[in-house]
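Structure first, then comments.
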Amino acid sequence: MDVTGIASTATKMSEAYIQQASGTAVLKKALDISAENAIALIEAIPDTTPAQNLPSHLGQNINITA
Numbered sequence: 003m004d005v006t007g008i009a010s011t012a013t014k015m016s017e018a019y020i021q022q023a024s025g026t027a028v029l030k031k032a033l034d035i036s037a038e039n040a041i042a043l044i045e046a047i048p049d050t051t052p053a054q055n056l057p058s059h060l061g062q063n064i065n066i067t068a
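Numbering (my numbering), first residue to last: 3 to 68.
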């Protein structure tokens, strides 16, 4: 293998590494934005307080039978 072939191979490997690193960085940023959006949605959920006119035992259980 001549010097030109070695240099060409090294350059291609370096370009592939840079492309992979930039793709990983973009993916990480997208995941961070998604996490921020999820946190904002969770924080936007209003706090629920029990209705004052209902007995305290209502609303404590979920009926899962159909």
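The C-beta atom is built at its ideal place from N, Cα and C for all residues, glycine as well.
From residue 62 to residue 50, what does the alpha carbon distance come to, in whole angstroms? 13 Å
Residue 34 (DSSP reduced to helix, strand or coil): helix
How long is the line joining the alpha carbons of residue 13 and residue 20, rounded to whole angstroms? 11 Å
Could you tell me the distance, in whole angstroms, from the CA atom of residue 64 to the CA atom of residue 35? 34 Å
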